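Scroll down for the structure; my scribbles are underneath it.
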Amino acid sequence: MPRARVPFAAGRLWLDFVNTDEAPRHAHADTLVSFDGYLAWLESAALIDAARRTSLQRRAQEQPASATAALHEARRIRSMLRPLAERGLLTSERATQAAILEINRVLGRSTGIRRVEHDPRDGSFQRAFVPSGDAFAALVIPIVESAADTLVMGELARVRRCAAEPPCPRVFLDISRNGRRRWCDMRSCGNRAKAARHRVTTRVSRPTPPVP
Ligand SMILES: [Zn+2]
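For the sequence shown, this note's numbering gives the first residue as 1142, with consecutive numbering after it.
Pasting the structure below:
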């Protein structure tokens, strides 16, 4: 079974979903290259559990055309969400409308049961959505809802792309107090940028050799 390799560091589900599109940057393939890869990501995002993943895999073998259609739809939605995530409020009106159209198409057909769940381990409460209808098509609903929430809550101004050089395609929600988070991840891009700055500083402060 393929395992999803993309970390969940973007701060919002839909942004982590956009970040699954990493193929051009890294040697490994895009997470959404197969329906199995899509299921693996959904499981690592805790949107489905292992038992559900197995049953969906079985169903995908019986209905390969529907599974492929769901995968293609997920990829199309991701490509519509990326411009929104990269440019935030500066996204062109056309790209914004395209993303909203895609979001509304999914929300419009989502039927299911909404409920509140209580986790006695930490006392937390979660909203849950149990979809009814097409099981494959429903998989993308929580992702799209997360994007809709960002728009409605006015968070889009804090959504941006990693500032690393060479360019890193990852996007994230900046929830830092001063709103100045620049990197997708401190451990990778943040550290690289710090090391590069350090190299520049040491080069500048090194004393000029005496003229012979
Ligand atoms: Zn980065």
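Note that beta-carbon positions come from the ideal geometry of N, C-alpha and C, so glycine has one too.
Everything numeric in this text was worked out from a predicted model, so none of it was measured.
(request) Let me know the secondary structure DSSP gives residue 1323 once reduced to three states. (result) coil
(request) Have a look at residue 1234 and residue 1292 and give me their C-alpha separation to the nearest angstrom. (result) 14 angstroms
(request) Please name the residue, chosen from 1217, 1269 and 1221, that lies closest to residue 1189 on a Cα-to-Cα basis. (result) 1269
(message) Can you look up residue 1253 in the DSSP assignment and give me helix, strand or coil?
(response) strand
(message) So, at 8 angstroms on beta carbons, what are the nonlocal neighbours of residue 1159 in its own chain, with the 5 sequence-adjacent residues on each side left out?
(response) 1151, 1219, 1222, 1223, 1226 and 1312
(request) State yes or no: is the C-beta of residue 1317 nearer than 8 angstroms to some heavy atom of ligand 1? (result) no
(message) Taking 9 angstroms as the threshold (C-beta atoms), are residue 1153 and residue 1290 in contact?
(response) yes
(message) Considering only DSSP beta bridges, list what residue 1259 is partnered with.
(response) 1266
(request) Report the rounded CA-to-CA distance for residue 1184 versus residue 1305, giving the unit in angstroms. (result) 29 angstroms
(request) Report whether the distance from the Cβ of residue 1287 to the nearest heavy atom of ligand 1 is below 8 angstroms. (result) no
(request) Answer yes if the region 1193-1203 comes into contact with the region 1175-1182, meaning at least three C-beta pairs across the two stretches below 8 angstroms, and no otherwise. (result) yes
(message) Quick check on residue 1272: does DSSP put it in helix, strand or coil?
(response) strand
(message) So, with DSSP's three-state summary, where would you put residue 1312?
(response) strand
(request) State the Cα-Cα distance for the pair residue 1145 and residue 1186, rounded to the nearest angstrom. (result) Here residue 1145 scores only 44 on pLDDT, less than 50, and its place in the model is too uncertain to base an answer on.
(message) Using the three-state DSSP reduction, which class does residue 1281 fall into: helix, strand or coil?
(response) coil
(message) DSSP has residue 1300 in a bridge; who is on the other side?
(response) 1314
(message) Please tell me whether, using a cut-off of 8 angstroms, the distance from the CB of residue 1326 to the nearest non-hydrogen atom of ligand 1 is below it.
(response) yes
(message) At the level of alpha carbons, what is the spacing between residue 1280 and residue 1256?
(response) 17 angstroms
(request) Just tell me which of 1157, 1276, 1314 and 1278 has its CA closest to the CA of residue 1294. (result) 1314
(request) Compute the distance between the beta-carbons of residue 1300 and residue 1244, then report whether it is under 9 angstroms. (result) no
(message) Using only the alpha-carbon positions, how far apart do residue 1320 and residue 1302 sit?
(response) 13 angstroms
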